[in-house]
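See structure below.
In this note's numbering, the protein residues as written are 305 to 431.
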């Protein structure tokens, strides 16, 4: 409670007078977006293979870290729901929120995949 109040006061001071906030004072906005979506899993993944599947991409990825179960580190999963003309790059690291779709996983929406970063992982670990 006290830590939350202190963060709030820092934010108010920053907005009012231009106080420079330390980088770790506020979590990345993506953390809240990933944790607040009604997803079955939130994980960090490394993309292993990418295949065009109609208007979207199907991806196989290895789970690096789990922030919301039921997956485990090292699991290889199939993810659908990546759209657009640009293919996600093999080897890229992402943090994604996923919904279970039978034998595979799906992004609830395109905005539930973010580039992996130490700051994002730390914010997700804190929950």
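C-beta atoms are modelled at their ideal positions from N, C-alpha and C, and glycine is treated no differently.
Residue burial classification, residue i (beta-carbon count within 10 angstroms, cutoff 16)
i           : result
residue 385 : buried
residue 337 : exposed
residue 373 : exposed
residue 393 : exposed
residue 407 : exposed
Cβ-Cβ separation, residue j to residue i (assumed contact under 8 Å), whole Å
i           : j           : result
residue 350 : residue 395 : 7 Å
Straight-line gap, residue i to residue j (C-alpha atoms, nearest Å)
i           : j           : result
residue 366 : residue 335 : 20 Å
residue 363 : residue 427 : 25 Å
residue 414 : residue 346 : 14 Å
residue 383 : residue 411 : 7 Å
residue 361 : residue 430 : 31 Å
residue 404 : residue 344 : 6 Å
residue 425 : residue 390 : 25 Å
residue 420 : residue 348 : 7 Å
residue 357 : residue 409 : 15 Å
residue 400 : residue 339 : 10 Å
residue 422 : residue 416 : 17 Å
Pair within 8 Å by beta-carbon distance, residue i and residue j
i           : j           : result
residue 402 : residue 418 : no
residue 342 : residue 359 : no
residue 376 : residue 368 : no
residue 370 : residue 352 : no
Strand pairing of residue i, partner residues [DSSP]
i           : result
residue 388 : Residue 388 pairs with nothing; no bridge assigned.
residue 355 : 362
residue 382 : 364
residue 350 : 366 and 397
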